[in-house]
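**Q** As you go down the protein sequences, you meet chains A and B in turn.
For the first sequence, counting from 1, position 73 maps to 73 in the working numbering; every step adds exactly one.
For the second sequence, counting from 1, position 43 maps to 1043 in the working numbering; every step adds exactly one.
A virtual CB, placed ideally from N, CA and C, is assigned to each residue, including glycine.
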Amino acid sequence: DTGVSQDPRHKITKRGQNVTFRCDPISEHNRLYWYRQTLGQGPEFLTYFQNEAQLEKSRLLSDRFSAERPKGSFSTLEIQRTEQGDSAMYLCASSPGRATYNEQFFGPGTRLTVL
Amino acid sequence: AQSVSQHNHHVILSEAASLELGCNYSYGGTVNLFWYVQYPGQHLQLLLKYFSGDPLVKGIKGFEAEFIKSKFSFNLRKPSVQWSDTAEYFCAVLLRGGGNKLTFGTGTQLKVEL
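Put into structure tokens, the structure is as follows:
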């Protein structure tokens, strides 16, 4: 499968614990995005990378959230001191990055449940 | 604030009925427009997109959408739905020059009954 992959697919944690999610984009896609989706809502933008540079962050991304893409390939999203309000589906997407190709390809998501 | 509105949250149709899902956005600049679909148990997939040119765009599986700039709308249509079209449909907007983030509507859950 050459699509966007995410790991784990499901994560259950207790409030206050730290969690880390991984995203592997489509090969050679230099743009990578993180979104969060809660029940009954569409995905909401969190942050975006072009290669290893984090170019934009949403105000939704509090200081407990950090994302990295150290070598411009896979990315990690870490949430520290999780809260029940962090329960959501975390989606990763990638795109080729050429100006005329803004189509984003989505992964299956990581469903986080904070108890 | 910039936003995307999908007014139909749940739609139930019989097979062969025609479909139209509304999408309106509130951006003042040049936009790229998308419809994504999420079938049960699957991830978001692109249905169709509008970047420029002919405002009537055709996508996969017989879907089409029309961009009406004066109405800030990008409604999705299909002349005859099938049971397999049961899914959640999301309209999304990307504001050119406003970063690369997609802003999504809240989605429309479509159920097609046999």
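Step through the CB atoms of chain A and report whether any lies within less than 8 Å of the CB of F1063 (chain B).
**A** F1063 (chain B) does not count as touching chain A.
**Q** Below 7 Å CB to CB, which residues in the same chain sit around I26 (chain A) once its five sequence neighbours on both sides are set aside?
**A** These residues qualify, in order along the chain: T2, G3, V4, S94, F105.
**Q** Which parts of the region 1063-1105 of chain B are runs of the beta strand (DSSP E), unbroken and 3 residues or longer, counting only runs that do not cross its ends?
**A** Within the region 1063-1105 of chain B, the complete beta strand (DSSP E) runs of at least 3 residues are 1064-1068, 1073-1078, 1087-1095, 1102-1104.
**Q** Mind checking the region 1030-1045 of chain B against chain A and listing, in chain order, the residues whose C-beta falls within less than 7 Å of any C-beta there?
**A** The region 1030-1045 of chain B vs chain A, Cβ under 7 Å: N1032, H1043, L1044.
**Q** From the DSSP output, which residues share a beta bridge with F106 (chain A)?
**A** According to DSSP, F106 (chain A) bridges with A:A93.
**Q** Does DSSP put I26 (chain A) in a helix, a strand or coil?
**A** Note: I26 (chain A) maps to coil in three-state DSSP.
**Q** Are V1031 (chain B) and L1102 (chain B) close, meaning C-beta to C-beta below 8 Å?
**A** Not in contact: V1031 (chain B) and L1102 (chain B) (Cβ atoms no closer than 8 Å).
**Q** Pull out every residue of the region 78-91 of chain A whose Cβ sits closer than 9 Å to any Cβ of chain B, in chain order.
**A** Residues L91.
**Q** In the DSSP assignment, what residue or residues form a beta bridge with T1030 (chain B)?
**A** Beta-bridge pairing links T1030 (chain B) to no other residue.
**Q** Helix, strand or coil for D1054 (chain B) per DSSP?
**A** If DSSP states are grouped into helix, strand and coil, D1054 (chain B) belongs with coil.
**Q** Tell me which same chain residues have a C-beta within less than 8 Å of the C-beta of Q1062 (chain B), skipping the five on either side of it?
**A** The question names Gln, but residue 1062 (chain B) is Gly in the sequence shown. For G1062 (chain B), where only same-chain residues beyond five positions count, the Cβ hits under 8 Å are K1078, P1079, S1080.
**Q** According to DSSP, simplified to helix, strand and coil, what is D86 (chain A)?
**A** Helix at D86 (chain A).
**Q** Counting only beta-carbon separations shorter than 8 Å, does Q116 (chain A) have a partner in chain B?
**A** Summary: the structure shown does not reach residue 116 (chain A), with chain A confined to residues 1 through 115, and so no result is reported for it.
**Q** Pop quiz: L1021 (chain B) and F1034 (chain B) are said to be a contact at Cβ under 8 Å. What is the actual Cβ separation, rounded to whole angstroms?
**A** With a Cβ gap of about 13 Å, L1021 (chain B) and F1034 (chain B) do not count as contacting.
**Q** Measure the alpha-carbon distance for Q1038 (chain B) versus L1110 (chain B) and round it to whole angstroms.
**A** In a straight line, the C-alpha of Q1038 (chain B) is about 10 Å away from that of L1110 (chain B).
**Q** Taking H1010 (chain B) as part of the beta strand (DSSP E), name the residues at either end of that continuous run.
**A** Its beta strand (DSSP E) spans residues 1010-1014.
**Q** Taking the alpha carbon of E52 (chain A) as the reference point, which residue from A:K71, A:G40, A:F45 has its own alpha carbon closest?
**A** Per the Cα distances, A:K71.
**Q** Are the beta-carbon atoms of F21 (chain A) and T110 (chain A) separated by less than 8 Å?
**A** It is a contact, given that the beta carbons lie within the stated cut-off.
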